[in-house]
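The following block contains the structure:
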């Protein structure tokens, strides 16, 4: 089984990408299971095969412990750890080619707390896995919003310690010019890095960090060298995303899986 | 007026430090106002002078828009922007020496979204300000949990673009040995950086990033060169924190403020 963990800030489109990737893999003859790990999820655009909400929900925790939304979010994610074995049993019963894991809406509560790494490690122990870090395309257009997110993506990778692909989501809401701008950025990070030096942007001079430019340069490169742009609505870029996933999980072999699938 | 923005991941002790710093400043003859910016706050350990919950709460937003906790958290923080002028009027009426701003529980929803930077910029426009980034002392003891948080702290600083002090909170729950360990880390970051090379830790080899060691070295240095350890319970370290704040806001001048205060 290969694990694909879908991570990213609130609103970056995790659930919609989980569904789109799941459907793409199934259409191409792969067997999948889709896991919802968010106890606070209200409505989700797919029917999860495995769902943490069968065991715990944030709303229940709010009522049971008389907590506000902040406390209940943290508590319900921390308490999710208690159900990891049940989730694993459910996954092992299905034994799909790909396990797509849709992580909680609030990245920070999951990625930077013990519970998150316990859950990720327990689920994927002994299996090859990859993380996708999602950023909305609208956030990519302005360096002042993009650079902090690029650094956040590195912090997340350092926390879960899995190979990570940067996925720029919602390409369908971009204008043609914006789409080309981001495509160029991915294809040629150097030009983008040079543009950051422009005095009008005034990004780098304001940041209190020695030799910030070379720091930023490496942050940008490490994010963009492994980036794809997708739309969960139109399906644009899903083939590139699949190629990126296979490069990491199967040495680039297309339609290679560990368990038998329809087309193998 | 000087602004002190208190930021940090959920559970890092923001509200308790806001109260402790506020009380310390008042005890030393300073005039303060304490602002709660978290619409999802349930119970807070102080009585806010200015409170976003007078205008909007996450619970109301859940009911009014029929949203789950995730959606309501984002929506209520995004909607807070509409009340920035009211908050500013309230602050200007008080005209304190220090405005202590306690930011929302979920760092990510606030620090990496447009609403957060609009609120921070609008409140502190024309005033000197400093951000405190809080990390729980328990998270500092293990490099595997600490390094992602150090990177998160840099991402936050790059997002709000204010001078930032790293505050290690809850020193009172440490054992004596742990307390000494962190004190040494702050006093001598180089030894800590060298310890990261230890093969048992295996931190650096797992992270997919070119020349990761020098990257981590700079991340650690930039965090620790401006770090203090405090306890909101015992008051330990609050004098150091105040000295750090004054270095940034008043060129290190103790008990210097812009408005008259009791002791001036």
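Protein chains in written order, with the numbering used here: chain A, 33 to 296; chain B, 33 to 296.
Beta carbons are placed, not taken as given, at the ideal position from N, Cα and C, and that holds for glycine.
Here the structure is a predicted model, which is why all the values come from computation and not from measurement.
Is residue i close to chain B? Criterion is C-beta to C-beta, closer than 8 Å.
{"i": "residue 24/A", "result": "Any question about residue 24/A goes unanswered here, given that chain A covers just 33 to 296."}
{"i": "residue 183/A", "result": "yes"}
In whole angstroms, what separates the C-alpha of residue i from that of residue j?
{"i": "residue 252/B", "j": "residue 182/B", "result": "7 Å"}
{"i": "residue 263/A", "j": "residue 47/A", "result": "12 Å"}
{"i": "residue 132/B", "j": "residue 272/A", "result": "48 Å"}
{"i": "residue 190/B", "j": "residue 261/A", "result": "24 Å"}
{"i": "residue 42/A", "j": "residue 295/B", "result": "46 Å"}
{"i": "residue 92/B", "j": "residue 109/A", "result": "23 Å"}
{"i": "residue 107/A", "j": "residue 107/B", "result": "21 Å"}
{"i": "residue 229/A", "j": "residue 254/B", "result": "21 Å"}
{"i": "residue 80/B", "j": "residue 68/B", "result": "6 Å"}
{"i": "residue 38/A", "j": "residue 291/A", "result": "22 Å"}
{"i": "residue 34/B", "j": "residue 277/B", "result": "10 Å"}
{"i": "residue 154/A", "j": "residue 115/A", "result": "11 Å"}
{"i": "residue 44/A", "j": "residue 293/B", "result": "46 Å"}
{"i": "residue 127/B", "j": "residue 282/B", "result": "18 Å"}
{"i": "residue 105/A", "j": "residue 99/A", "result": "9 Å"}
{"i": "residue 221/A", "j": "residue 270/A", "result": "21 Å"}
{"i": "residue 53/B", "j": "residue 94/A", "result": "30 Å"}
{"i": "residue 211/B", "j": "residue 217/B", "result": "10 Å"}
{"i": "residue 198/B", "j": "residue 176/B", "result": "18 Å"}
{"i": "residue 185/B", "j": "residue 225/A", "result": "22 Å"}
{"i": "residue 215/A", "j": "residue 200/A", "result": "10 Å"}
Residues of chain A with CB closer than 9 Å to the CB of residue i, please, in chain order.
{"i": "residue 141/B", "result": "41, 42, 43, 138 and 140"}
For residue i, return the contacting residues in chain A, with the cut-off set at a CB-CB distance below 7 Å.
{"i": "residue 247/B", "result": "250"}
{"i": "residue 105/B", "result": "101"}
Please list the partners that residue i has in chain A, where partner means a Cβ-to-Cβ separation under 8 Å.
{"i": "residue 263/B", "result": "In chain order: nothing, as chain A lies at least about 21 Å away."}
{"i": "residue 100/B", "result": "72, 73, 74, 75, 90 and 91"}
{"i": "residue 180/B", "result": "143, 144, 187, 188, 190 and 191"}
Assign residue i to buried or exposed, taking buried as 16 or more other Cβ atoms, counted over all protein chains shown, within 10 Å of its Cβ.
{"i": "residue 157/B", "result": "exposed"}
{"i": "residue 286/A", "result": "exposed"}
{"i": "residue 61/B", "result": "exposed"}
{"i": "residue 51/B", "result": "buried"}
{"i": "residue 275/B", "result": "exposed"}
{"i": "residue 102/B", "result": "buried"}
{"i": "residue 219/B", "result": "exposed"}
{"i": "residue 169/B", "result": "buried"}
{"i": "residue 140/A", "result": "buried"}
{"i": "residue 85/B", "result": "buried"}
{"i": "residue 130/B", "result": "buried"}
{"i": "residue 266/A", "result": "exposed"}
{"i": "residue 284/B", "result": "exposed"}
{"i": "residue 71/B", "result": "buried"}
{"i": "residue 205/B", "result": "exposed"}
{"i": "residue 136/A", "result": "buried"}
{"i": "residue 180/A", "result": "buried"}
Run down chain B in chain order and give the residues with a C-beta less than 9 Å from the C-beta of residue i.
{"i": "residue 284/A", "result": "Ordered by position in chain B, no residue passes the 9 Å Cβ test against residue 284/A, which lies about 16 Å from the chain."}
Does the beta carbon of residue i fall short of 7 Å from some heavy atom of the ligand FMN?
{"i": "residue 53/B", "result": "Judged by which ligands are present, the structure shown has none, so any question about the ligand FMN falls away."}
Is any beta-carbon of chain E found at less than 8 Å from that of residue i?
{"i": "residue 85/A", "result": "No chain E is present in this structure, whose protein chains are A and B."}
Any alpha helix (DSSP H) of 4 or more consecutive residues that is wholly inside the segment 69-156 of chain A = The segment 69-156 of chain A contains these whole alpha helix (DSSP H) runs: 90-96, 101-112, 116-126, 139-143 and 146-156.
Scan the segment 176-248 of chain B and note each continuous beta strand (DSSP E) run of 3 residues or more that stays entirely inside, going in chain order.
-> You should have 196-201.
In the segment 33-67 of chain A, which residue ranges form an unbroken beta strand (DSSP E) of at least 3 residues, counting only runs that do not cross its ends?
-> Qualifying beta strand (DSSP E) stretches, in chain order: 34-39.
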